[in-house]
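Asker:
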Amino acid sequence: MPELLPVLEVEDRIVDALRGHNRLVLTAPTGSGKTTQVPQMLLRSDAVTGHILVLQPRRMVTRMAAVRVAQEVGCALGDVVGYQTRHDSRVGTKTRIRFLTEGVFLRLIQADAGLVDVGAVILDEFHERSVATDMSLGLVRRLQEGERPDLRLIVMSATMDAEAVSQDLECPGIRAEGRTYPVAVSHWSEGATRPLWEQAAGALKRVLAEQPTGDVLIFMPGAYEIRRTIETCRKGLRPEDGQTSFFPLHASLSLAEQDAATGTCPHRKVIVSTNVAETSLTIEGVHHVIDSGLVRMHRFDVRRGLNVLLVESVSRASADQRAGRAGRTAPGTCVRLWSEEKEAVLPEQAPPEVMRIDLSACVLQLMSMGVADLAAFPWTDPPGTEALRRALGLLQGLGAIDGEGVLTGTGHQMALLPMHPRLSRTLIAASEAGCLQRATLWVALVSERDILLRPIRRQFAERQEGDLQSDLAVMERAFGQA
Numbered sequence: 205m206p207e208l209l210p211v212l213e214v215e216d217r218i219v220d221a222l223r224g225h226n227r228l229v230l231t232a233p234t235g236s237g238k239t240t241q242v243p244q245m246l247l248r249s250d251a252v253t254g255h256i257l258v259l260q261p262r263r264m265v266t267r268m269a270a271v272r273v274a275q276e277v278g279c280a281l282g283d284v285v286g287y288q289t290r291h292d293s294r295v296g297t298k299t300r301i302r303f304l305t306e307g308v309f310l311r312l313i314q315a316d317a318g319l320v321d322v323g324a325v326i327l328d329e330f331h332e333r334s335v336a337t338d339m340s341l342g343l344v345r346r347l348q349e350g351e352r353p354d355l356r357l358i359v360m361s362a363t364m365d366a367e368a369v370s371q372d373l374e375c376p377g378i379r380a381e382g383r384t385y386p387v388a389v390s391h392w393s394e395g396a397t398r399p400l401w402e403q404a405a406g407a408l409k410r411v412l413a414e415q416p417t418g419d420v421l422i423f424m425p426g427a428y429e430i431r432r433t434i435e436t437c438r439k440g441l442r443p444e445d446g447q448t449s450f451f452p453l454h455a456s457l458s459l460a461e462q463d464a465a466t467g468t469c470p471h472r473k474v475i476v477s478t479n480v481a482e483t484s485l486t487i488e489g490v491h492h493v494i495d496s497g498l499v500r501m502h503r504f505d506v507r508r509g510l511n512v513l514l515v516e517s518v519s520r521a522s523a524d525q526r527a528g529r530a531g532r533t534a535p536g537t538c539v540r541l542w543s544e545e546k547e548a549v550l551p552e553q554a555p556p557e558v559m560r561i562d563l564s565a566c567v568l569q570l571m572s573m574g575v576a577d578l579a580a581f582p583w584t585d586p587p588g589t590e591a592l593r594r595a596l597g598l599l600q601g602l603g604a605i606d607g608e609g610v611l612t613g614t615g616h617q618m619a620l621l622p623m624h625p626r627l628s629r630t631l632i633a634a635s636e637a638g639c640l641q642r643a644t645l646w647v648a649l650v651s652e653r654d655i656l657l658r659p660i661r662r663q664f665a666e667r668q669e670g671d672l673q674s675d676l677a678v679m680e681r682a683f684g685q686a
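Residues 205 to 686 in the working numbering are what the sequence shown lists, from first letter to last.
(1) Relative to the C-alpha of LEU208, which residue among ASP365, ASP606 and GLY382 is closest?
(2) Would you mind working out which of ALA554, HIS454, ILE218 and ARG642 sits nearest GLU516, comparing C-alpha positions?
(3) For PRO452, which of helix, strand or coil comes out of DSSP?
(4) Quick check: what's the CA-CA separation for PRO425 versus ARG262?
(5) Please report the straight-line C-alpha distance between ASP585 and LEU257, rounded to a whole angstrom.
(6) Could you tell me the distance, in whole angstroms, from the CA atom of ILE301 to the CA atom of THR537?
(7) Is it buried or exposed, SER340, if we count other Cβ atoms within 10 angstroms and call 16 or more buried?
(8) Since CYS538 is in the beta strand (DSSP E), which residue starts that stretch and which ends it?
(9) Taking just the CA atoms, how far does THR305 sit from GLN260?
(10) Answer yes if the segment 339-358 comes into contact with the segment 505-525, meaning at least three C-beta pairs across the two stretches below 8 Å, and no otherwise.
(11) In terms of residues, what are the limits of the alpha helix (DSSP H) holding GLN371?
(12) Say whether the segment 276-284 touches the segment 212-226, bearing in mind that this needs 3 or more beta-carbon pairs closer than 8 Å, one atom from each stretch.
(13) Within a Cβ cutoff of 6 Å, which residues of the same chain sit near PRO582, ignoring the five residues on either side of it in sequence?
(14) Just grab the DSSP bridge partners of TYR287 for me.
(15) Using only the alpha-carbon positions, how far apart do GLU547 and ARG520 sit?
(16) Sort GLY597, CYS469 and GLU402 by Cα distance to THR436 and report the nearest one.
(17) Would you call the segment 455-466 and the segment 478-489 in contact, with 3 or more CB pairs under 8 Å?
(18) What does the alpha-carbon distance come out to for the pair THR183 and GLU557?
(19) With DSSP run on the structure shown, which of helix, strand or coil describes GLU666?
(20) Leaving aside the five residues before and after LEU246 along the sequence, list all residues of the same chain whose C-beta is less than 7 Å from its C-beta, in chain order.
(21) May I ask you to report which of helix, strand or coil DSSP gives ASP216?
(22) Please classify VAL493: does DSSP put it in a helix, a strand, or coil?
(23) Could you give the distance in angstroms between the alpha-carbon of LEU441 and the alpha-carbon of GLY377?
(24) Taking 9 Å as the cut-off, decide whether the C-beta atoms of SER496 and LEU550 are in contact.
(25) Using DSSP bridges, identify the partner residues of ILE378.
(26) In angstroms, rounded to a whole number, what distance separates the CA positions of HIS624 and ASP216?
(27) Closest to LEU400 by C-alpha separation, out of GLY418, THR384 and PHE423, would be which residue?
Shown next as structure tokens:
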């Protein structure tokens, strides 16, 4: 219940701080209620007038948080409380609290540079430090230091270095203490050479045998590993394990599938999830965690000139967050599928995305918003000189900027399209060549998860094995089979 959430104990301090300052850093453990309760605090208080925007790094959490807050406020979704993602929106003329993804916020501030009618911006899960997070924070800071000193900004996280962020923002920091139970952490590296899903199935077998109650949350790096884990675990169930239901949880699922994973179940649940369940999303009933210790992370491949998605070890902070999911309402357990020796060399935090990916889309968007001096932009962690040089070089090659580094007409057009500059330039060229319809399909196919990896397309992909045409042609034919 909301009245039991720890963050409510510091409500008066939060409201008082915002009366005297336009920025605040809030640190609160996962499960303390910061995502759902802080927006309601602002709605109740006189410290903020206007709309309250709550930025989230993930679409799934954006929707689920809005649903929860609407229930607590006692309104229909889209009335006082709503949400907005790239492909879905439930907002209305009465909406005061709006949950939105960081990408949607960047489009909003691009169209409404002064954020007219907005009274507060909340950056949730700041520790994830995506490029969109850093851009959003920098743009709000510029706005506060210019025409909107009245705009309130709250930066929230469970694991960020609050003191460093407070110093950078020159603002007060508040910490809400959590109420968590002890979690017994063990390391299980037996069979480390076996596939990840087989290791997880072995760990689950042990958990079900030793722990007669409590749901289980298994962390895997991606949808493929989640599917294989569920298949392997189901095969290994024994009669003495009792009735057990398995649920996948990742961003590609339908809304109904996501709700099934996070909802109630009449018998024991095993949820196999990506890192979406690591922080914002709280799943009731979980007392046991099995952690693969892996996550998919974007990095720039210099040789190919592209961002690639790699499977890497989690940081120590992420591992601790994952373990903490088991101790929300009762003592729990966490099985880590790696050795204590490996844990000793894990990084404390994952590097910010701005330090490891291609920045051409970021640079194009900032320039379209009037940021002429990228070095003077208020980055939390300034990107490297070489990364900015590469981004500017690509944009010049695509015709988005001229030799003086000034945005061209083509660049302005590209900035209006929410995709990588290579893809937006492709659509502009296709429009000029009279083949926009087909190019739009191709851009959509390469922008989303590979259509050939989806279960209903897998047999088609196998029949096309060895096709000498391009992958795009095969993907186009697969799309046509729908």
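Beta carbons: idealized from backbone N, C-alpha and C, even for Gly.
Values in this document were obtained by computation on a predicted structure and should not be read as measured data.
Answerer: So, from the data block:
(1) One-based indexing of the sequence shown puts residue 208 at position 4. With distances taken between Cα atoms, LEU208 lies closest to GLY382.
(2) Position 312 of the sequence shown holds residue 516. GLU516 has its Cα closest to that of ALA554, out of ALA554, HIS454, ILE218 and ARG642.
(3) In the sequence shown, residue 452 corresponds to position 248, counting from 1. Strand at PRO452.
(4) Against the sequence shown, residue 425 aligns to sequence position 221. Against the sequence shown, residue 262 aligns to sequence position 58. When the Cα atoms are used, PRO425 and ARG262 turn out to be separated by approximately 15 Å.
(5) The residue given as residue 585 occupies position 381 in the sequence shown. The residue given as residue 257 occupies position 53 in the sequence shown. Pairing ASP585 with LEU257, the inter-Cα distance amounts to about 24 Å.
(6) Numbered from 1 along the sequence shown, position 97 holds the residue referred to as residue 301. Numbered from 1 along the sequence shown, position 333 holds the residue referred to as residue 537. Across the structure, ILE301 and THR537 are spaced so that their CA atoms are roughly 36 Å apart.
(7) Locating residue 340 in the sequence shown gives position 136, counting from the first residue. Around the beta carbon of SER340, 16 or more other beta carbons lie within 10 angstroms, which makes this residue buried.
(8) On the sequence shown, residue 538 is found 334 positions in, with the first residue counted as 1. Judged by DSSP secondary structure, CYS538 falls within the beta strand (DSSP E) whose first and last residues are 536-540.
(9) Numbered from 1 along the sequence shown, position 56 holds the residue referred to as residue 260. Numbered from 1 along the sequence shown, position 101 holds the residue referred to as residue 305. Answer to the nearest angstrom: the Cα atoms are 5 Å apart.
(10) Output reads no: the segment 339-358 does not touch the segment 505-525.
(11) Locating residue 371 in the sequence shown gives position 167, counting from the first residue. That run of the alpha helix (DSSP H) goes 366-373.
(12) When Cβ pairs closer than 8 Å are counted between the two stretches, the segment 276-284 is seen not to touch the segment 212-226, the count staying below three.
(13) Numbered from its first residue, the sequence shown carries residue 582 at position 378. Hits under 6 Å: GLY342 and ARG345.
(14) The sequence position of residue 287 within the sequence shown is 83, counting from 1. Answer is ARG294 and PHE303.
(15) In the sequence shown, residue 547 corresponds to position 343, counting from 1. In the sequence shown, residue 520 corresponds to position 316, counting from 1. Straight across, the Cα-Cα distance linking GLU547 with ARG520 is about 8 Å.
(16) Position 232 of the sequence shown holds residue 436. Of the listed residues, the one whose Cα sits closest to THR436 is GLU402.
(17) Of all C-beta pairs linking the segment 455-466 to the segment 478-489, three or more are shorter than 8 Å, placing the two stretches in contact.
(18) For the chain, the structure presents residues 205 to 686; residue 183 sits outside this window and is missing.
(19) For this step, residue 666 is matched to residue 462 along the sequence shown. Because GLU666 carries a pLDDT of 49, less than 50, the predicted location of this residue cannot be relied on, and no value is offered for it.
(20) As a working note, residue 246 is residue 42 in the sequence shown. VAL252, ILE256 and ALA324, listed in sequence order.
(21) In the sequence shown, the residue the question calls residue 216 occupies position 12. In the structure shown, ASP216 sits in a helix (DSSP, three-state: H, G or I).
(22) One-based indexing of the sequence shown puts residue 493 at position 289. Strand, per DSSP.
(23) The residue you call residue 441 lines up with position 237 of the sequence shown. The residue you call residue 377 lines up with position 173 of the sequence shown. About 48 Å.
(24) Start at 1 with the first residue of the sequence shown, and residue 496 comes out as number 292. Start at 1 with the first residue of the sequence shown, and residue 550 comes out as number 346. No. Outside cutoff.
(25) As a working note, residue 378 is residue 174 in the sequence shown. Partner(s): LEU230.
(26) Here the question's residue 624 lines up with position 420 in the sequence shown. Here the question's residue 216 lines up with position 12 in the sequence shown. Cα-Cα distance, rounded: 43 Å.
(27) Mapped onto the sequence shown, residue 400 falls at position 196. Of the listed residues, the one whose Cα sits closest to LEU400 is PHE423.
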